[in-house]
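**Q** I have a structure I would like to understand better, so I am pasting it below and will then ask my questions one at a time.
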Amino acid sequence: MSLINLFNGLVYGSLLIVMCSGLALIYGLRRVVNFAHGALYMLGAYLGYSVALHSNFWVALVAVPAIMALLGALLDRYGFRLLQNREPLTVVLVTFGLLLVIEDFVQTVWGKANLSLAAPAMLDFSIDLLGTSLPVYRIGVVVAGLAVAAGLTLWLRLSSVGLAVRAASTDPTTTAMQGVNTDTLSALVVGVGTALAGLAGVVAAPFLSLSPSMSSDVLIDSFVVVVVGGLGSLGGAFVAAMALGLVQAFGAVYLPDTSVLLPFLLMLAILVWKPAGLAGSRT
Amino acid sequence: MTFLQVAVRAIAALALGAAAAAFVGSDAVLSLLAQATIYALFASGVGLLLRQNGSASFGHALFFGGAGYGVAALLKLQAMPAELAILATLAAMTLLAFLVGLVIVRVPGIAFGMVTLAMGQMAFLSTSRARGFLGGADGLSVEWPATVFGMAQSDLFRPATLFMLSWATLVVVLAALALLLASRFGSVTEAVRDNEERARFIGIATLVPRAAIYALSALVSGTGGVLAALNTGFVSPESLHWSLSGMTLMMVIVGGFKTLWGPALGAVVYFLFKDVLGDYATHWMSIFGVVLIAVIVFAPTGLAGLLQRLVRRRAPLAASAAAALEVRDARA
Amino acid sequence: MNAMNSSQPHPSCVLQADEVAIHYGGVKALDGVSLTLGAGQIRGLIGPNGAGKSTVIDAITGRRRLTRGRVLLQGEDVSALGAVARRRRGLSRSFQRTSVFGQMKVRQQVELASHKMGVADSGADADAVLRELDLLRLAGATAEDLGYGEQRRLDLALALVGRPSVLLLDEPMAGLSVQESHDLARHLKQLISRWSVSVLLVEHDMDVVFGISDEVTVFELGRVIASGTPAEVRANPRVREAYLGSAA
Chain P
10 MSLINLFNGL
20 VYGSLLIVMC
30 SGLALIYGLR
40 RVVNFAHGAL
50 YMLGAYLGYS
60 VALHSNFWVA
70 LVAVPAIMAL
80 LGALLDRYGF
90 RLLQNREPLT
100 VVLVTFGLLL
110 VIEDFVQTVW
120 GKANLSLAAP
130 AMLDFSIDLL
140 GTSLPVYRIG
150 VVVAGLAVAA
160 GLTLWLRLSS
170 VGLAVRAAST
180 DPTTTAMQGV
190 NTDTLSALVV
200 GVGTALAGLA
210 GVVAAPFLSL
220 SPSMSSDVLI
230 DSFVVVVVGG
240 LGSLGGAFVA
250 AMALGLVQAF
260 GAVYLPDTSV
270 LLPFLLMLAI
280 LVWKPAGLAG
290 SRT
Chain V
595 MTFLQVAVRA
605 IAALALGAAA
615 AAFVGSDAVL
625 SLLAQATIYA
635 LFASGVGLLL
645 RQNGSASFGH
655 ALFFGGAGYG
665 VAALLKLQAM
675 PAELAILATL
685 AAMTLLAFLV
695 GLVIVRVPGI
705 AFGMVTLAMG
715 QMAFLSTSRA
725 RGFLGGADGL
735 SVEWPATVFG
745 MAQSDLFRPA
755 TLFMLSWATL
765 VVVLAALALL
775 LASRFGSVTE
785 AVRDNEERAR
795 FIGIATLVPR
805 AAIYALSALV
815 SGTGGVLAAL
825 NTGFVSPESL
835 HWSLSGMTLM
845 MVIVGGFKTL
855 WGPALGAVVY
865 FLFKDVLGDY
875 ATHWMSIFGV
885 VLIAVIVFAP
895 TGLAGLLQRL
905 VRRRAPLAAS
915 AAAALEVRDA
925 RA
Chain E
2 MNAMNSSQPH
12 PSCVLQADEV
22 AIHYGGVKAL
32 DGVSLTLGAG
42 QIRGLIGPNG
52 AGKSTVIDAI
62 TGRRRLTRGR
72 VLLQGEDVSA
82 LGAVARRRRG
92 LSRSFQRTSV
102 FGQMKVRQQV
112 ELASHKMGVA
122 DSGADADAVL
132 RELDLLRLAG
142 ATAEDLGYGE
152 QRRLDLALAL
162 VGRPSVLLLD
172 EPMAGLSVQE
182 SHDLARHLKQ
192 LISRWSVSVL
202 LVEHDMDVVF
212 GISDEVTVFE
222 LGRVIASGTP
232 AEVRANPRVR
242 EAYLGSAA
């Protein structure tokens with residue numbers, strides 16, 4: 010019994026890693042908390058559904074993040090860049106306005122009924138591990154989460170673009186003075202961030218059903234992760250994502266009535282101890 | 595503002611409300627006005643937090659819906675008379691908000707907003723799943739007794755009475771806030787908002803004032819929630835949903851939060867818009883999203899700010915007289 | 002011995018820093034600094050940028066936590082107390098980077114600061130300080146509308162109000178013109194002697210520091226390298242080499 014809970018926790022945690030990396034990256038560079046991130050995830054899921062319907066899942070897995078990356082670059086160029094000298098709350102509210110527009114768009118195009126997307130045939134079976142039957146698709150999700158975590162960490166640490174991103178996240182003015190085109194860099198990073206949201210959506214579609222409320226459900230959890238981990242900290246987000254996934258999975262089984270409160274309680278507990286999150290907030 | 599200035603404005607506003615209640619014939623219009631007033635209260639709570647703490651709450655529906663649920667639960671249990679149930683709910687909620695505030699106001703920047711969003715949505719999720727006593731997703735009807743505040747139900751639940759009650763509450767609450775914020779407490783919270791570090795270096799312990807403002811904003815929004823329960827006789831999880839919090843925050847931004855009455859104005863505008871745009875109601879969200887973005891980008895001080903600037907331009911003498919009075923008051 | 006020494010009675014220290022150290026992430030911002038401040042004394046702190054002058058003020062006022070050492074105010078160990086508690090015990094500071102309440106009116110914020118220090122007639126106290134710093138005519142102005150020099154004076158006013166017993170000034174002349182600096186220095190000297198405040202003054206303008214200080218402490222790389230009267234310090238070869246240059 011326990012292994013399947015642990016596994017489910019890892020699966021959801023991995024999904025959150027993909028989501029929250031995007032959120033953390035965008036915050037790190039633009040100091041913007043993207044309230045539209047959940048809506049972008051939802052848009053990614055629904056787009057993935059449609060693309061998969063006309064071709065297959067794997068095409069969706071590549072196409073949707075690409076589309077979302079383009080959207081992200083546009084969002085940065087015509088949204089974040091133009092508002093970069095305004096107060097942080099201003100930009101956040103703009104993303105909130107964007108959230109409303111995207112949610113309405115999705116509901117208009119795809120309707121309000123729940124939709125489901127089947128897992129790709131190649132991964133649609135289970136294997137037996139240590140006496141428990143684990144769906145291979147979900148193992149794939151965990152792999153995806155780890156790949157994103159590892160990939161981003163390596164990219165940021167080892168590549169020159171990654172170095173530029175880290176520098177710009179710490180001190181945008183000086184970095185720009187060193188000759189780094191911070192505008193292009195921002196568009197790139199925000200594009201990667203939104204692509205990750207879209208990727209999370211596509212990846213989630215086969216095992217979580219598509220519904221109008223999926224945007225806010227995941228947004229809440231993402232916010233808990235990012236606040237607990239510390240705004241702007243990727244490492245903090247990774248740890249917090251896994252913690253949240255595990256807490257929810259165990260809660261769903263052992264404390265079903267109050268399981269929905271667990272993330273909130275976890276968050277409050279951490280905040281009492283460390284108001285700026287585990288890794289501290291970047292201001 | 596002095597006590598006299600506030601009192602004069604309050605009385606004028608009350609008279610205006612009474613006139614509206616007496617002369618507006620249509621029940622539908624009065625009902626709409628009552629609703630607008632209730633949301634004006636809700637928005638005023640959110641606006642207070644934004645103005646005095648510089649913090650945006652994305653989850654204040656927790657207090658709006660929470661107060662309604664609190665009263666409904668107490669009445670269902672028949673634990674106490676309705677008037678006491680209202681007081682007890684508001685008192686308990688304010689206290690809880692203060693305690694939670696002590697923890698969360700220390701969360702820096704936008705993270706605070708994210709925490710409030712999570713809190714509000716958690717309340718929504720628990721309530722919509724709690725079948726049984728709280729009614730779950732279907733909600734709960736509020737079992738008001740035969741007389742409330744000494745009024746029989748048949749009198750109380752008339753649109754004109756409900757409107758007047760809501761309007762009077764709004765006026766009294768705003769007047770009380772105006773007086774409070776003109777006091778030492780108001781100065782302290784403004785200092786903390788402007789520069790928390792320097793506030794500590796001039797001897798202000800900053801945690802308690804900030805938590806107190808959070809609790810106060812909860813009380814104001816909660817009062818709106820109680821009135822909503824009176825107005826509709828029903829509470830449902832929708833009154834806790836984060837989209838409601840978000841809409842209200844939008845009202846605050848559109849109305850302008852630098853003034854106390856800005857959020858209320860925003861709520862009224864929202865309701866007018868909603869009525870006028872009735873046919874396009876399905877694309878509600880998009881329209882408001884766009885309006886919000888437009889206001890933020892082009893008119894950051896909101897409608898209240900625009901109105902104030904208009905008055906200054908049209909009546910420069912009056913405006914400079916007012917400014918001179920301010921300087922004199924500051925020296926007094 | 003120097004004539005200056007014998008004319009300066011130091012009955013007790015109002016402020017004492019004892020082997021104060023602040024280390025973080027491999028940086029030793031302060032590495033065992035000790036200094037004393039006598040009642041009614043003005044001590045200037047000088048040294049190159051990054052030498053630890055502002056850091057020692059941060060340490061004494063409770064803005065930064067000590068790695069080691071202690072701070073004594075009127076003989077009481079305040080090392081474990083926060084900034085609010087220290088302020089209420091009469092320890093006040095101004096800021097190198099102007100720190101005022103942008104959206105509040107000038108008089109309103111100065112009066113609030115006075116009130117928070119427990120002054121009964123905070124309005125009169127505020128007016129007195131504003132008059133001294135030539136800010137009374139701007140009493141009703143909003144802080145963020147003021148010019149740079151006026152805001153710096155407001156920053157000072159917030160520190161001066163409420164009759165602090167110990168005042169720590171962190172580069173009060175920063176960004177001011179030569180004339181403004183000298184005017185301010187003159188005002189400060191008058192205020193300080195009239196109110197018998199004890200002052201620690203961090204400042205780059207050598208004329209100002211040597212002109213108004215009773216004693217001077219020289220910092221370098223987080224340590225004190227010299228301490229004494231202005232004349233003694235000027236003559237100190239180590240100081241000349243590190244900071245003043247042989248022309249001083």
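Chains as they are written, first to last, in the numbering used here: chain P, 10 to 292; chain V, 595 to 926; chain E, 2 to 249.
Note that CB positions come from ideal geometry on N, CA and C, so glycine has one too.
Everything numeric in this text was worked out from a predicted model, so none of it was measured.
1. Looking only at its chain, what residues have a beta carbon closer than 8 Å to the beta carbon of G535/V, apart from the 5 residues adjacent to it on each side?
2. Any idea if G31/P is buried or exposed, counting beta-carbon neighbours within 10 angstroms, 16 or more meaning buried?
3. Using a Cβ-Cβ cut-off of 8 Å, state whether A285/P counts as contacting chain V.
4. What residues from the segment 80 to 97 of chain E come within 7 Å of chain V, judged by C-beta to C-beta, listed N to C?
5. Please report the straight-line C-alpha distance between V237/P and L84/P, rounded to a whole angstrom.
6. So that I know if they touch, is there some Cβ in chain E lying closer than 8 Å to that of G797/V?
7. What does the alpha-carbon distance come out to for the pair S748/V and G827/V?
8. Run the CB neighbour count on E172/E, radius 10 Å, all protein chains shown included, and call it buried at 16 or more, exposed below.
9. Taking 8 Å as the threshold (beta carbon to beta carbon), is H654/V in contact with chain P?
10. Starting from the C-beta of E151/E, find all residues in its chain whose C-beta is less than 8 Å away, skip the five residues before and the five after it, and write them out in chain order.
11. Take the Cβ of T7/P as the centre, count every other Cβ of all protein chains shown within 10 Å, and call the residue buried at 16 or more, exposed below.
12. Is there a Cβ of chain P sitting closer than 8 Å to that of A926/V, yes or no?
13. Distance, Cα to Cα, L161/P vs L624/V?
14. Terminal residues of the continuous alpha helix (DSSP H) containing E145/E?
15. Using the C-alpha atoms, what's the distance from A898/V back to T853/V?
16. Select from A52/E, V85/E and F96/E the residue whose C-alpha is nearest the C-alpha of T800/V.
17. Among the residues of its own chain, which have a CB less than 6 Å from the CB of F134/P, if the five just before and after it don't count?
18. Which partner residues of S199/E appear in the DSSP bridge assignment?
19. If you draw a straight line from the C-alpha of T104/P to the C-alpha of V211/P, how long is it?
20. Give the single residue among A754/V, L904/V and S722/V whose Cα lies nearest to the Cα of L626/V.
21. Got a sec: is the Cβ-Cβ distance from L225/P to anything in chain V below 8 Å?
22. Please confirm whether A40/E has its beta-carbon closer than 8 Å to some beta-carbon of chain B.
23. I need the straight-line Cα distance from A673/V to A682/V, nearest angstrom please.
24. What is the rounded straight-line gap between the Cα of Y55/P and the Cα of W119/P?
25. Can you give me the C-alpha to C-alpha distance between R700/V and F232/P, rounded to a whole angstrom?
26. So is N190/P buried or exposed if we call it buried at 16+ other beta carbons inside 10 Å?
27. Between S777/V and chain E, is the shortest Cβ-Cβ distance under 8 Å, so that the two count as touching?
28. What are the residues in the segment 101 to 120 of chain P lying within 9 Å of chain V by C-beta distance?
29. Taking only beta-carbon atoms, is V103/E less than 8 Å away from chain V?
30. Which residue or residues does DSSP assign as beta-bridge partners of R69/E?
31. Leaving out five residues before and five after I193/E in sequence, what residues of the same chain have Cβ atoms less than 7 Å from its Cβ?
32. Whole angstroms is fine: what's the gap from A248/E's alpha carbon to V15/E's?
33. Note the first and the last residue of the continuous alpha helix (DSSP H) segment covering P231/E.
34. For the beta strand (DSSP E) that contains G816/V, what are its first and last residues?
35. How far does the alpha helix (DSSP H) with D208/E in it extend, from its first residue to its last?
36. Can you list, in chain order, the residues of the segment 699 to 712 of chain V whose Cβ is nearer than 8 Å to any Cβ on chain P?
**A** The structure says:
1. Lying outside 595 to 926, the shown extent of chain V, residue 535/V is not represented and no answer is given.
2. Buried is the call here.
3. yes
4. A84, V85, R88, R89 and R94
5. 26 Å
6. yes
7. 13 Å
8. buried
9. no
10. L136 and L139
11. In the structure displayed, chain P extends from 10 to 292; residue 7/P sits before or after that span and is not available.
12. Caution is warranted here: a pLDDT of 45 is assigned to A926/V, below 50, making its placement in the model unreliable, and no coordinate value can be reported.
13. 58 Å
14. First-last for E145/E: undefined, no H or E at that position.
15. Straight-line Cα distance between these residues: approximately 7 Å.
16. V85/E
17. V145
18. V167/E
19. 22 Å
20. A754/V
21. In the sequence as presented, Leu is not what sits at residue 225/P; that position holds Ser. For S225/P, the answer is yes, since a Cβ of chain V falls inside 8 Å of its Cβ.
22. Structure shown: chain B not included; protein chains present are P, V and E.
23. Distance between the alpha carbons of A673/V and A682/V: 11 Å.
24. 8 Å
25. One C-alpha to the other measures close to 17 Å.
26. exposed
27. no
28. V101, L102, V103, F105, G106, L107, L108, L109, V110, I111, E112, D113, F114, Q116 and T117
29. In the sequence as displayed, the identity of residue 103/E is Gly instead of Val. Yes, G103/E lies at the interface with chain V (some Cβ there is under 8 Å from its Cβ).
30. Answer is A22/E.
31. I43 and V200
32. Its pLDDT being 49, under 50, A248/E is placed unreliably by the model, and nothing is read from it.
33. P231 to A236
34. Premise fails: G816/V lies in the alpha helix (DSSP H), L801 to T826, not in any beta strand (DSSP E).
35. M207 to I213
36. Within the segment 699 to 712 of chain V, the residues whose Cβ lies closer than 8 Å to some Cβ of chain P are R700, V701, P702, G703, I704, A705, G707, M708, V709, L711 and A712, listed in chain order.
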